[in-house]
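Worksheet for the structure shown next.
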Amino acid sequence: MIEKKEGKKERVNMDFQTKLRNYADLLVTHGLNIQEGQMLNLTAEICHQELAYLVAEAAYERGAKFVQVDFIDPRLERLRIQKSSEENLQFVPQWISAKYNELVDDKAANMRILGSEFPDILSDLDPQAVNNMRMAQRGAIKYFYEVGIGRSKVHWTLGAAATPAWAKKLFPLLDEDEACARLWDEIFHICRVDREDYLEAWREHNDHLHQRCAVLDKLKIECLHFTGPDTDLKVYLSEHAKFKGGGDQGPFGVEFEPNIPTEECFTTPNRKRTEGKVKTTRPFFINGVLIEDLVLEFKEGKISNFTASSGSETFSAYINSDEGASYLGEVALVGIDSPVYQSGHVFQEILYDENAACHIAVGMAYKFCIRDQEKMSAEDFIHIGCNESKVHTDMMISSEKVDVVAHSFSGEEHLLIKNGEWQI
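Under my numbering, the first residue of the sequence shown is numbered 16, with each subsequent residue one higher.
Below, the structure is given as structure tokens:
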């Protein structure tokens with residue numbers, strides 16, 4: 016088994032502003048790894064302006080050429096959906112496409128701060144209308160997702176900031192101020208910024224994830240077999256698949272960290288070769304609607320049937336967004352030693368919940384999880400089963416009751432996870 020070298024240091028007595036500055040520095044220095052002369056595009060809700068300011072400050076201190084901050088308000092999105100015709104909901108101005116194309120071509124950096132001030136604001140709207148609008152937006156910046164994100168041609172990272180409404184979902188018995196403070200404490204601890212050596216801690220954590228991915232690659236895995244309550248799922252991989260975890264290498268030849276936090280080792284499955292049944296172990300959001308108790312059945316890679324206790328209409332609209340939306344684009348392994356899992360919370364924010372459990376994702380595959388992807392054509396990707404879609408959503412499928420066995424191309428079996436715990 017791979018031994019973690021990361022020191023287990025206790026939280027130190029830091030005030031809120033110190034930890035927030037550490038967090039902003041982590042997002043810029045380790046997450047984006049901003050380079051001299053690089054541009055940064057930052058998207059955040061208005062309520063995140065304090066963190067956004069600190070991120071911009073840290074980026075300029077590292078030599079960023081220009082920092083563009085786009086503040087958004089979910090109430091405006093709701094207003095548009097309520098008041099617009101179906102045709103207008105699918106309109107996207109050309110300057111948005113041009114902006115995101117430039118981010119890729121200029122090898123820029125892109126950050127999104129998650130954690131909504133109004134997490135349920137779209138939950139009562141027509142799921143098809145919401146999905147159509149989101150699909151149009153995603154289609155308009157397809158080049159950014161396929162090349163910038165999918166081929167790591169931009170430095171990108173996701174972070175999250177506490178809001179009172181989000182915090183009350185985790186701590187409903189506390190008042191808003193107390194709940195928000197508790198959520199910030201969880202974010203700071205999970206992201207390791209409540210310790211003085213946070214950057215070193217992340218370097219050690221990255222090394223650990225890279226080592227585990229190297230071990231997984233050496234096994235030459237053909238199939239990952241998940242078993243547990245209401246779960247008997249086989250996810251097959253291509254011979255060209257490789258595992259990724261921790262930092263990725265960007266266009267400047269230096270590492271950046273796509274997600275903070277991150278605890279996963281993930282890869283790209285063969286879209287036509289997933290078989291069996293799986294029950295999700297945590298709720299998750301799609302287009303602002305909570306999907307709970309989802310049970311999926313797969314046949315020849317495609318979702319053939321599903322049930323859910325809530326959010327069924329939204330999930331149905333989502334997996335019918337395009338041809339690839341009902342096939343898998345990602346499978347990821349996460350152990351219960353994850354600090355997100357150890358927190359004991361279901362965060363109802365995918366950035367955190369996906370790092371608490373093994374997960375699968377419908378939709379777009381990550382081409383950087385394919386060996387020699389730079390040499391491959393679009394036809395090559397189709398041939399090896401790399402999924403194409405405008406959407407991508409993670410669904411958590413493990414707990415302390417789930418096992419994962421790897422079947423190699425040579426016919427060997429390897430127990431990877433037992434009762435949620437890593438065995439390698």
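The C-beta atom is built at its ideal place from N, Cα and C for all residues, glycine as well. If you're wondering where the values come from, they're calculated on a predicted model, not measured in any experiment.
Pick helix, strand or coil for residue i, following the three-state DSSP scheme.
i: valine 304; result: strand
i: asparagine 147; result: helix
i: lysine 114; result: helix
i: glycine 378; result: strand
i: glycine 163; result: helix
i: arginine 288; result: strand
i: glutamate 345; result: strand
i: asparagine 335; result: coil
i: asparagine 274; result: strand
i: serine 138; result: coil
i: glutamine 53; result: coil
i: aspartate 263; result: strand
i: lysine 294; result: strand
i: serine 327; result: helix
i: lysine 184; result: helix
i: glycine 46; result: helix
i: glutamate 427; result: coil
I'd like to check one pair, residue j with residue i: are the Cβ atoms closer than 8 angstroms?
i: alanine 67; j: leucine 57; result: yes
i: phenylalanine 300; j: isoleucine 365; result: yes
i: alanine 74; j: isoleucine 111; result: no
i: valine 208; j: leucine 41; result: yes
i: tyrosine 213; j: isoleucine 156; result: no
i: proline 284; j: tyrosine 251; result: yes
i: proline 273; j: aspartate 263; result: yes
i: lysine 405; j: serine 336; result: yes
i: asparagine 221; j: glutamate 279; result: no
i: serine 331; j: aspartate 308; result: no
i: methionine 29; j: isoleucine 96; result: no
i: isoleucine 236; j: serine 423; result: yes
i: methionine 410; j: threonine 295; result: yes
i: tryptophan 298; j: isoleucine 205; result: Looking at the sequence itself, residue 298 is proline, so the reference to tryptophan does not match. Cβ atoms of proline 298 and isoleucine 205: not closer than 8 angstroms.
i: lysine 183; j: lysine 122; result: no
i: isoleucine 432; j: aspartate 418; result: yes
i: methionine 150; j: isoleucine 439; result: no
i: serine 131; j: proline 89; result: yes
i: valine 449; j: isoleucine 412; result: The requested residue 449 is not part of the displayed model; the chain covers only 16 to 439.
State the beta-bridge partners of residue i as determined by DSSP.
i: alanine 155; result: Per DSSP, none; premise fails for alanine 155.
i: asparagine 320; result: Glu312
i: alanine 256; result: Ile385
i: valine 250; result: Leu239 and Thr289
i: arginine 127; result: Thr58 and Leu173
i: methionine 411; result: His374
i: threonine 282; result: Val346
i: isoleucine 432; result: Val419 and Trp437
i: phenylalanine 299; result: Ile306
Give the range of the beta strand (DSSP E) segment to which residue i is assigned.
i: lysine 314; result: 310-314
i: glutamine 83; result: 81-87
On the premise that residue j lies in contact with residue i, defined as a C-beta separation below 8 angstroms, what is that separation, rounded to the nearest angstrom?
i: glycine 326; j: glycine 378; result: So it is not a contact: roughly 16 angstroms between Cβ atoms.
i: glycine 316; j: aspartate 247; result: Their Cβ separation, rounded to whole angstroms, is 16 angstroms, which puts glycine 316 and aspartate 247 out of contact at 8 angstroms.
i: alanine 194; j: histidine 63; result: 17 angstroms between Cβ atoms; not a contact.
i: isoleucine 318; j: serine 341; result: 5 angstroms
i: alanine 13; j: threonine 408; result: Residue 13 is absent from the structure shown; the chain starts at 16 and stops at 439.
i: glutamate 415; j: glycine 400; result: Wrong, their Cβ atoms sit about 31 angstroms apart, outside the cutoff.
i: glycine 303; j: isoleucine 128; result: Glycine 303 to isoleucine 128, Cβ: 17 angstroms. No contact.
Alpha helix (DSSP H) containing residue i: first to last residue?
i: cysteine 228; result: 213-233
i: glutamate 102; result: 101-104
i: alanine 71; result: 64-76
i: isoleucine 399; result: Neither: isoleucine 399 is in no alpha helix (DSSP H) and is coded neither H nor E.
i: isoleucine 351; result: Counting along the chain, isoleucine 351 falls outside any alpha helix (DSSP H), and DSSP gives it neither H nor E.
i: aspartate 190; result: Counting along the chain, aspartate 190 falls outside any alpha helix (DSSP H), and DSSP gives it neither H nor E.
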